[in-house]
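Engineer:
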Amino acid sequence: MTASTPRQPLLDVDHARVVFPQGGPHGEVVAVDDVSLTLDTGRTMGLVGASGCGKSSLARAIMHLIPLASGTIRIMGEDLSRLGRDARRRKRRHFQMVFQDPGGSLDARMRAIDLVSEPLQVHGLASGPDLRDRARAVLASVDIPADAVDRFPHQFSGGQRQRIAIARAVVTEPSLLVCDEPTSALDVSVQAQVLDVLRNIQQDRDLGMLFITHDMGVVRQMCDDVLVMDAGRVVEAGPVDTVLDAPAHPVTRSLLAASMGTHAMGVDG
Ligand SMILES: Nc1ncnc2c1ncn2[C@@H]1O[C@H](COP(=O)(O)OP(=O)(O)O)[C@@H](O)[C@H]1O
Ligand SMILES: [Mg+2]
43 MTASTPRQPL LDVDHARVVF PQGGPHGEVV AVDDVSLTLD TGRTMGLVGA
93 SGCGKSSLAR AIMHLIPLAS GTIRIMGEDL SRLGRDARRR KRRHFQMVFQ
143 DPGGSLDARM RAIDLVSEPL QVHGLASGPD LRDRARAVLA SVDIPADAVD
193 RFPHQFSGGQ RQRIAIARAV VTEPSLLVCD EPTSALDVSV QAQVLDVLRN
243 IQQDRDLGML FITHDMGVVR QMCDDVLVMD AGRVVEAGPV DTVLDAPAHP
293 VTRSLLAASM GTHAMGVDG
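Letter by letter, the sequence shown follows residues 43 to 311 in the numbering used here.
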């Protein structure tokens, strides 16, 4: 990059709109409606909102798993929708996703070590003994013990499975990691460990992270900035301290009240 090149955000979403043609009872559903955001390297942005407000649709559009009806998404300055399928696939190692349900995202017939080696192999990033060494190292970094790497997904706990999914997502050394409610399907007792692993990875690797949750307690713990969605639109956005200490929108307030209720219940009983 030359000195005159303007600095590009890691992720630049500009007036994005996602429409499902056959969604609701009356036809099309506008899942994401005119959403814009930017995310820089090394920052974590929380994306919050009630169920059905469009969080996962936005995440999937950012991952180029579904198309935009209008608007643009640039990753490291590049609009990947303009690339062919093969060229886009080659870029894929730079942006990865962790899904809510690790069971669904991990092939039940593959051993942990192979699940984590596979992306390295697919992208031609390692081969031979180096392949398994690197997969082992990443599994160790998410606290999967060395003597467990030959086990199959069903032989791990839910929290361990999600940590294997995280290892699989970060093994290609992406710049952008999108996490869609990565702890929502887990027991409360193991959620904290998975959040710790994600936070450590984000800090160690200086990742840009988009973190979807409906838990404002998790936002405060994990995120620098937060974006609140309602019915496909952004209704409030800003630094976490500003938004959570002085929420301006009723949706933000009700999400805060709900997560305070949960945490209070956790303490009381
Ligand atoms: N594949 C799909 N086909 C049709 N409608 C969908 C599809 N996926 C999501 N929707 C609809 O889009 C809206 C947003 O859903 P989603 O992005 O999953 O919200 P969230 O992740 O915030 O719960 C909802 O009304 C949902 O029913
Ligand atoms: Mg969702």
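Ideal Cβ positions, reconstructed from N, Cα and C, are used throughout, including at glycine.
None of the values given here were measured: they were computed from a predicted structure.
At the level of alpha carbons, what is the spacing between L53 and R130?
Structural biologist: 16 Å
Engineer: Assuming M118 contacts V220 (C-beta within less than 8 Å), just tell me the rounded distance between them.
Structural biologist: Actually they do not touch by this definition, with Cβ atoms about 14 Å apart.
Engineer: Going by DSSP, which residues form a beta bridge with V285?
Structural biologist: In the DSSP assignment, V285 forms no beta bridge with any residue.
Engineer: Within the structure, which residues are defined as neighbours of ligand 1 by a Cβ-heavy atom distance below 5 Å, reported in chain order?
Structural biologist: F62, G65, V71, A73, S93, G94, C95, G96, K97, S98 and S99
Engineer: Quick one: does the C-beta of D222 sit closer than 7 Å to a heavy atom of ligand 2?
Structural biologist: yes
Engineer: In angstroms with no decimal places, state the Cα-to-Cα distance between L218 and L167.
Structural biologist: 18 Å
Engineer: Between which two residues does the alpha helix (DSSP H) holding M264 run?
Structural biologist: M258 to M264
Engineer: So is R151 buried or exposed if we call it buried at 16+ other beta carbons inside 10 Å?
Structural biologist: Under a 10 Å Cβ-count criterion, R151 is classified as exposed, with fewer than 16 other Cβ atoms of the shown protein chains found around its own Cβ.
Engineer: Hey, V270 and V90: beta-carbon distance below 8 Å or not?
Structural biologist: yes
Engineer: Who are the near neighbours of A211 in its chain, counting only those whose CB is closer than 7 Å to its CB and skipping five residues on each side?
Structural biologist: Q138, M139, V140 and L219
Engineer: CA-CA distance, S123 and A154?
Structural biologist: 32 Å
Engineer: Where does A111 sit, in a helix, a strand or coil, going by DSSP?
Structural biologist: coil
Engineer: With a threshold of 16 other CB atoms inside 10 Å of the CB of S93, please say whether the residue is buried or exposed.
Structural biologist: S93 is exposed by the Cβ-count criterion.
Engineer: Alpha carbon to alpha carbon, how far is V276 from S226?
Structural biologist: 22 Å
Engineer: State yes or no: is the C-beta of V158 within less than 8 Å of the C-beta of L181?
Structural biologist: With contacts defined as CB atoms closer than 8 Å, V158 and L181 qualify as a contacting pair.
Engineer: Do you know how far the Cα of E223 is from the Cα of T83?
Structural biologist: 21 Å
Engineer: Are at least three pairs of beta-carbons, each pair with one atom in the region 181–195 and one in the region 64–75, less than 8 Å apart?
Structural biologist: Contact between the region 181–195 and the region 64–75 is not established, with fewer than three Cβ pairs separated by less than 8 Å.
Engineer: Any idea which residues DSSP pairs R116 with across the strands?
Structural biologist: Bridge partners of R116: D54 and D121.
Engineer: Buried or exposed for L250, going by 16 or more other Cβ atoms inside 10 Å?
Structural biologist: The residue asked about is misnamed: residue 250 is Gly in this sequence, not Leu. Buried: at least 16 other Cβ atoms inside 10 Å.
Engineer: Write down the C-beta distance between A101 and I254 rounded to the nearest angstrom, noting that I regard them as a contact closer than 8 Å.
Structural biologist: 6 Å
Engineer: From R193 to V232, what distance separates their C-alpha atoms?
Structural biologist: 20 Å
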